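**Q**
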């Protein structure tokens, strides 16, 4: 089977992702967009399509499930170099709240954004998440107290604590222990005369890929119970930053199979090459950490060995 024939029968493989999702990602609006794209001869390159109506619906779902939390856009989805001049630019544009996790960042923000609010991210082991985020960002809770104390000394406003329970977190109760850690930092800071006001509970809310996930409302109920448990009647301001939970079922990537090959005559493995890859939208598939749903025009047909 030659590459040209493969290209023809393999055209328009749909990887249900934006960061991926269920068949619901192929909405009528997306199908119409793809039809128009093909009719205009623009389907020679892979593309990412997002249905903003689905994103809006997802936002409303989060807002209803966690009515006392502010729903923020996950800015980390965009490049954020965090160079000092970028912080200064954000400050000039009116941004007054920044995240830190070490003394060096506090000093940088004190220079570039004097008087701003800062919240410190603490480490969490992310058990139960398909994509753990437990090493690169954050600091020990004990260190967080020192970081926030330094912020106060440098004229910044210590505002709160943040954490992330890991991406695609299926354990509804994962936020309980993280909030327990946050409440400990609140108390330790209070002993040093620092009164914190906010907890940023991050993202981690899952979307459906190949397996079902709990509905957002279950996460909302569990989080509220954990807040009551660990903060009592003094529940702080809360923020969430859903990423894939907000957009995961809102779009697809359309790509093509450009080659299928074997490395030897007796090779039992076939190598399937697409016109996208790890650096073109599929970074999360490394080591199969995230498994996207895949659709082709030949779903249900006989498969080769």
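Numbering (this note's numbering), first residue to last: 335 to 639. Note that the Cβ used here is the ideal one computed from N, Cα and C, for glycine as well. Treat the numbers as computed from the prediction; the structure is a model and nothing was measured.
1. With a Cβ-Cβ cutoff of 8 Å, do residue 494 and residue 535 count as a contact?
2. Just the C-alpha distance for residue 516 and residue 456, rounded to the nearest angstrom, thanks.
3. Report the rounded CA-to-CA distance for residue 506 versus residue 611, giving the unit in angstroms.
4. Is the beta carbon of residue 537 closer than 8 Å to that of residue 571?
5. Output yes or no for whether 8 Å exceeds the beta carbon distance between residue 594 and residue 606.
6. Using the beta-carbon count (16 or more within 10 Å), is residue 616 buried or exposed?
7. In the structure shown, what three-state DSSP assignment does residue 507 receive?
8. Does the Cβ-Cβ distance between residue 573 and residue 403 come in under 8 Å?
9. Report yes or no: do the segment 542-553 and the segment 587-603 share at least 3 C-beta pairs separated by less than 8 Å?
10. Between 383, 375, 626, 377, which lies nearest to residue 586 when the distance is taken from Cα to Cα?
11. Give the DSSP-derived three-state secondary structure of residue 589 in the structure shown.
12. How would you write the range of the alpha helix (DSSP H) that residue 580 sits in, first residue to last?
13. Between residue 504 and residue 539, what straight-line distance do the alpha-carbon atoms span, to the nearest angstrom?
14. Given this structure, state the Cα-to-Cα distance separating residue 418 from residue 637, to the nearest angstrom.
15. For residue 386, is the classification buried or exposed, using 16 other Cβ atoms within 10 angstroms of its Cβ as the cut-off for buried?
16. Tell me the residue span of the beta strand (DSSP E) that contains residue 492.
17. On the DSSP letters alone, give me the boundaries of the alpha helix (DSSP H) that residue 422 sits inside.
18. Please state whether the Cβ-Cβ distance between residue 475 and residue 523 is less than 8 Å.
19. Given residue 620, which residues of its chain have a CB within under 8 Å of its CB, disregarding the five upstream and five downstream residues?
20. Please confirm whether residue 478 and residue 447 have their CB atoms less than 8 Å apart.
21. Alpha carbon to alpha carbon, how far is residue 371 from residue 379? Give it in angstroms, no decimals.
22. Can you find the residues in the same chain that come closer than 8 Å, C-beta to C-beta, to residue 565, ignoring five residues on each side of it along the sequence?
23. Do you know how far the Cα of residue 556 is from the Cα of residue 355?
24. Which value, in whole angstroms, describes the spacing of the CA atoms of residue 530 and residue 375?
25. If I measure Cβ to Cβ from residue 393 and keep anything under 7 Å in the same chain, skipping five residues before and after, which residues do I get?
26. Which word fits residue 546, buried or exposed, when buried means at least 16 other C-beta atoms lie within 10 angstroms of its C-beta?
27. So, at 7 Å on beta carbons, what are the nonlocal neighbours of residue 486 in its own chain, with the 5 sequence-adjacent residues on each side left out?
28. So who's on the other strand from residue 404, going by DSSP bridges?
29. Distance, Cα to Cα, residue 541 vs residue 391?
30. Between the C-alpha atoms of residue 425 and residue 434, what's the straight-line distance to the nearest angstrom?
31. Would you list the one or two residues that DSSP bridges to residue 607?
32. Is residue 561 buried or exposed, if buried means 16 or more other CB atoms sit within 10 Å of its CB?
**A** Straight from the coordinates:
1. Indexing the chain shown from 1 puts residue 494 at position 160. Indexing the chain shown from 1 puts residue 535 at position 201. The Cβ atoms of residue 494 and residue 535 lie no closer than 8 Å to each other.
2. Looking up residue 516 in the chain shown gives position 182. Looking up residue 456 in the chain shown gives position 122. Taking the Cα positions, residue 516 is about 8 Å away from residue 456.
3. Here residue 506 refers to the residue found at position 172 of the chain shown. Here residue 611 refers to the residue found at position 277 of the chain shown. So the alpha carbons of these two residues sit roughly 32 Å apart.
4. What you label residue 571 is simply residue 237 of the chain shown in a count that begins at 1. What you label residue 537 is simply residue 203 of the chain shown in a count that begins at 1. The answer is no: Cβ separation not under 8 Å.
5. Here the question's residue 594 lines up with position 260 in the chain shown. Here the question's residue 606 lines up with position 272 in the chain shown. Taking 8 Å as the Cβ cut-off, residue 594 and residue 606 qualify as a contacting pair.
6. Within the chain shown, residue 616 is the residue found at index 282, counting from 1. Buried.
7. Stepping through the chain shown from its first residue, residue 507 is reached at position 173. Note: residue 507 maps to coil in three-state DSSP.
8. Numbered from 1 along the chain shown, position 239 holds the residue referred to as residue 573. Numbered from 1 along the chain shown, position 69 holds the residue referred to as residue 403. Remark: C-beta atoms of residue 573 and residue 403 approach each other more closely than 8 Å.
9. Judged by Cβ distances under 8 Å, the segment 542-553 makes no contact with the segment 587-603, as fewer than three pairs qualify.
10. Looking up residue 586 in the chain shown gives position 252. Checked all of 383, 375, 626, 377; the closest Cα to residue 586 is 383.
11. Taking the first residue of the chain shown as position 1, residue 589 is located at position 255. Assigned with DSSP and collapsed to three states, residue 589 falls in strand.
12. Locating residue 580 in the chain shown gives position 246, where the first residue counts as 1. That run of the alpha helix (DSSP H) goes 578-581.
13. Locating residue 504 in the chain shown gives position 170, where the first residue counts as 1. Locating residue 539 in the chain shown gives position 205, where the first residue counts as 1. Residue 504 and residue 539: Cα-Cα distance of roughly 8 Å.
14. Position 84 of the chain shown, counted from the first residue, corresponds to residue 418. Position 303 of the chain shown, counted from the first residue, corresponds to residue 637. Spanning the two alpha carbons is a distance of roughly 54 Å.
15. As a first step, residue 386 is located in the chain shown; it is residue number 52 there, counting from the start. It is exposed - the Cβ of residue 386 has fewer than 16 other Cβ atoms within 10 Å.
16. Position 158 of the chain shown, counted from the first residue, corresponds to residue 492. Going by DSSP, residue 492 is part of the beta strand (DSSP E) stretching over 491-496.
17. Start at 1 with the first residue of the chain shown, and residue 422 comes out as number 88. Secondary structure note for residue 422: its alpha helix (DSSP H) is the uninterrupted segment 418-426.
18. If you number the chain shown from 1, residue 475 lands on position 141. If you number the chain shown from 1, residue 523 lands on position 189. No, the Cβ-Cβ distance between residue 475 and residue 523 is not below 8 Å.
19. Mapped onto the chain shown, residue 620 falls at position 286. Here the set comprises 612.
20. Numbered from 1 along the chain shown, position 144 holds the residue referred to as residue 478. Numbered from 1 along the chain shown, position 113 holds the residue referred to as residue 447. Judged by beta-carbon spacing, residue 447 lies beyond the 8 Å limit of residue 478, meaning their Cβ atoms are not closer than that value.
21. Here the question's residue 379 lines up with position 45 in the chain shown. Here the question's residue 371 lines up with position 37 in the chain shown. Straight-line Cα distance between these residues: approximately 11 Å.
22. As a working mapping, residue 565 is identified with position 231 in the chain shown. Contacts found: 513, 517, 520.
23. Position 21 of the chain shown holds residue 355. Position 222 of the chain shown holds residue 556. The predicted position of residue 355 is uncertain, since its pLDDT is 41 and thus under 50; no value can be drawn from it.
24. Sequence index remark: in the chain shown, residue 530 carries index 196 (1-based). Sequence index remark: in the chain shown, residue 375 carries index 41 (1-based). The alpha-carbon atoms of residue 530 and residue 375 are separated by roughly 56 Å.
25. Walking along the chain shown from the start, residue 393 turns up at place 59. Within the same chain, and ignoring the five residues on either side of residue 393 in sequence, the residues whose Cβ sits closer than 7 Å to its Cβ are 405, 580.
26. Residue mapping note: residue 546 aligns to position 212 of the chain shown, counting from 1. Residue burial is scored here from C-beta neighbours: residue 546 has fewer than 16 other C-beta atoms within 10 angstroms and is therefore classed as exposed.
27. As a position in the chain shown, residue 486 is number 152, starting the count at 1. Closer than 7 Å at the Cβ level, and outside the excluded window around residue 486, lie 492, 528.
28. Taking the chain shown and counting its residues from 1, one reaches residue 404 at position 70. In DSSP, residue 404 forms a bridge with 573.
29. One-based indexing of the chain shown puts residue 541 at position 207. One-based indexing of the chain shown puts residue 391 at position 57. C-alpha separation (whole angstroms): 14 Å.
30. Looking up residue 425 in the chain shown gives position 91. Looking up residue 434 in the chain shown gives position 100. The alpha-carbon atoms of residue 425 and residue 434 are separated by roughly 15 Å.
31. Residue numbering aside, residue 607 sits at position 273 when the chain shown is read from its first letter. Answer by DSSP bridge pairing, in chain order: 593.
32. Taking the first residue of the chain shown as 1, we reach residue 561 at position 227. Buried, by the Cβ-count rule.
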